[in-house]
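One structure is given below, encoded as structure tokens.
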Amino acid sequence: MTRTARNKNLNRAKAARKDEFYTQLPDIERELAHYQDHFRGKVVLCNCDDPRVSNFFNYFSRNFEFLQLKKLMTTCYKSQERDVFSRHDSEKAISLEYCGDRNRNRTPDPEEIGIKTLHGDGDFRSEECVALLRHADIVVTNPPFSLFREYVAQLVNHEKKFLIIGHQNAIKYNEVFKLIKAGKVWLGYGFKGGAAHFINVSYEDYATAGDHKEGMIRVSGVHWFTNLDHEKRHADLVLYKTYNPDAYPKYDNYDAINIDKTKDIPGDYAGVMGVPITFLDKHNPDQFEILGTLASAGYNGDIIGIPFLGQRDARAIVNGEVKYARLLIRNKRIQP
């Protein structure tokens, strides 16, 4: 099975809610360590999480006082049992509210968690869940990849801060790329090796033997998407290559040079450069300007920032060879 097929299956499963995919606690801890100041006095919402098995709920409830949170809210399917850490199923959706450790045992006990049965199914688009969203300051979760466009649009429309997990293919979505280009969304620190193992007991994992983990599924190309500022975002990308027209051919259909690897960006080129979408992991808005994309119109509907130049095909083409999707950037610190 190809990587594309595996990702499509993952999307369908998550959208249908037939399988449950949960982020590992170490991955959450590793990323959240860089945003501590953002959470002080804030209401956090995890609106795609079952707290019985969600490590997002686990992380925030157990670090509630350390982060100085005001309130933690989650919405989920299936369980309305008083013991929220059980695995009892129910057709009722519930919302949970945690306001901190009242009995001072440093543990989020069930009696300290407010449990409310929802009228609907707990979908993040439902009226009940939107009402909770309005009350939240920051949203942190792993939403269904197949609904990523709609999920991000909702957060932006409600002017919410967020830190969420998505696939790198979302960078090419017209709706998401517009936000990235405008500096309203960027990538977080990221997963080790650009891949994550999601906890799942019923989905077949096609990872190689050396990277297989029992009860988990490995998904490559996953990232944290956020609008919370962090230090990595302002770190300069060290450029040690120099421009050579033979080494950096221009596109057949655009006045820009092609660069296959981020590390090969020349430090002395003032014009437009096409780089892989993985460049965003190193993007410093103080150093580079994002101008647009080169990708088939079938990917994102239209091209942003760079005109078609009269051509329907907006793919990156070099000497007749079609390249993978490219971001078009310019070095702000070099005068043309």
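Start counting the sequence shown at 693; every next residue gets the next number (the working numbering).
Glycine is no exception: its CB is placed at the ideal position from the N, C-alpha and C atoms.
For clarity, every value in this text was computed on a predicted model and none was experimentally measured.
Go ahead and pull the three-state DSSP assignment for Ile856.
Start at 1 with the first residue of the sequence shown, and residue 856 comes out as number 164. Reduced to three states, the DSSP call for Ile856 is strand.
My parser needs the beta strand (DSSP E) runs of 3 or more residues fully inside the stretch 731-764; what are they?
Counting only runs of at least 3 residues, the stretch 731-764 fully encloses the following beta strand (DSSP E) elements, listed from N- to C-terminal order: 735-738.
Asn919 classed as buried or exposed, judged by whether at least 16 other C-beta atoms fall within 10 angstroms:
Within the sequence shown, numbered from 1, the residue matching residue 919 stands at position 227. So Asn919 ends up on the buried side.
Straight-line CA distance for Val831 to His926?
Along the sequence shown, read from residue 1 onward, the residue named residue 831 stands at position 139. Along the sequence shown, read from residue 1 onward, the residue named residue 926 stands at position 234. Those two C-alpha atoms are separated by around 23 Å.
Is it buried or exposed, Tyr940, if we count other Cβ atoms within 10 angstroms and call 16 or more buried?
What you label residue 940 is simply residue 248 of the sequence shown in a count that begins at 1. Buried: at least 16 other Cβ atoms inside 10 Å.
Inter-residue spacing [alpha-carbon to alpha-carbon] between Val911 and Lys762:
Sequence index remark: in the sequence shown, residue 911 carries index 219 (1-based). Sequence index remark: in the sequence shown, residue 762 carries index 70 (1-based). Rounded to whole angstroms, the gap between the alpha carbons of Val911 and Lys762 is 33 Å.
Return the residue from the list Leu764, Asp952, Ile786, Lys864 that minimises the CA-CA distance to Asp793.
Residue numbering aside, residue 793 sits at position 101 when the sequence shown is read from its first letter. For the residues Leu764, Asp952, Ile786, Lys864, the minimum Cα distance to Asp793 belongs to Leu764.
Touching by the beta-carbon criterion (3+ pairs, under 8 Å), the stretch 838-856 and the stretch 750-760:
No contact exists between the stretch 838-856 and the stretch 750-760.
If the criterion is Cβ atoms closer than 8 Å, does the pair Asn950 and Gly966 meet it?
Mapped onto the sequence shown, residue 950 falls at position 258. Mapped onto the sequence shown, residue 966 falls at position 274. For Asn950 and Gly966, yes; Cβs fall inside 8 Å.
Using 8 Å as the threshold, is the C-beta distance between Trp916 and Tyr961 below it?
Locating residue 916 in the sequence shown gives position 224, where the first residue counts as 1. Locating residue 961 in the sequence shown gives position 269, where the first residue counts as 1. Result no, Cβ atoms of Trp916 and Tyr961 do not sit closer than 8 Å.
Whose C-beta lies closer than 7 Å to the C-beta of Asp928 among residues of the same chain, with five residues either side of it excluded?
Sequence index remark: in the sequence shown, residue 928 carries index 236 (1-based). Result list for Asp928: Asn976, Gln979, in chain order.
Given a threshold of 16 other Cβ atoms within 10 Å of its Cβ, counted over all protein chains shown, does Ala888 qualify as buried or as exposed?
Within the sequence shown, residue 888 is the residue found at index 196, counting from 1. Buried, by the Cβ-count rule.
DSSP has Glu820 in a bridge; who is on the other side?
Here residue 820 corresponds to residue number 128 of the sequence shown, with the count starting at 1. Paired residue(s): none; Glu820 is not in a bridge.
Quick one: any contact between the stretch 796-803 and the stretch 818-838, if contact means 3 or more CB pairs under 8 Å?
Under the 8 Å Cβ criterion, the stretch 796-803 does not count as touching the stretch 818-838, having fewer than three qualifying pairs.
Here's a check: name, in chain order, each residue in its chain whose Cβ is nearer than 6 Å to the Cβ of Cys791, leaving out the five neighbours to either side.
Your numbering for residue 791 matches position 99 in the sequence shown. Taken in chain order, the residues that qualify are Lys763.
Taking C-alpha atoms, which residue in Phe837, Lys924, Asp729, Arg722 lies nearest to Cys740?
Locating residue 740 in the sequence shown gives position 48, counting from the first residue. Cys740 has its Cα closest to that of Phe837, out of Phe837, Lys924, Asp729, Arg722.
Residue range of the alpha helix (DSSP H) that includes Val1042:
Residue 1042 is absent from the structure shown; the chain starts at 693 and stops at 1028.
Gly886 by DSSP, collapsed to three states: which one?
Indexing the sequence shown from 1 puts residue 886 at position 194. Look at Gly886 here: in three-state DSSP terms it is helix.
Phe840 to Lys955 span [Cα, whole Å]:
Position 148 of the sequence shown, counting from 1, holds the residue named residue 840. Position 263 of the sequence shown, counting from 1, holds the residue named residue 955. Taking the straight line from one Cα to the other gives about 29 Å.
Rounding to the nearest angstrom, what Cα-Cα distance links Ala785 and Gln846 in this structure?
Position 93 of the sequence shown, counting from 1, holds the residue named residue 785. Position 154 of the sequence shown, counting from 1, holds the residue named residue 846. Rounded to the nearest angstrom, the two C-alpha atoms are 21 Å apart.
Element boundaries [beta strand (DSSP E), containing Ile805]
Residue 805 sits at position 113 when you count from the first residue of the sequence shown. Counting along the chain, Ile805 sits inside the beta strand (DSSP E) bounded by residues 805-809.
Report all residues from its chain with a CB closer than 6 Å to the CB of Arg732; omit the five preceding and five following residues, and keep chain order.
Residue numbering aside, residue 732 sits at position 40 when the sequence shown is read from its first letter. Shown here for Arg732: same chain residues with a beta carbon closer than 6 Å to its own, the five before and five after excluded, namely Gln760 in chain order.
Taking Glu789 and Gly812 to be in contact with their CB atoms under 8 Å, please state how far apart those CB atoms are, rounded to whole angstroms.
Along the sequence shown, one-based indexing puts residue 789 at 97. Along the sequence shown, one-based indexing puts residue 812 at 120. 17 Å between Cβ atoms; not a contact.
Residue range of the alpha helix (DSSP H) that Ile720 falls in?
Along the sequence shown, read from residue 1 onward, the residue named residue 720 stands at position 28. Per DSSP, Ile720 is one residue of the alpha helix (DSSP H) stretching across 717-724.
Buried/exposed call for Glu723, threshold 16 Cβ in 10 Å:
Along the sequence shown, one-based indexing puts residue 723 at 31. Label assigned to Glu723: buried.
Helix, strand or coil: which one does DSSP assign to Ile863?
Locating residue 863 in the sequence shown gives position 171, counting from the first residue. Ile863: helix per DSSP, three-state reduction.
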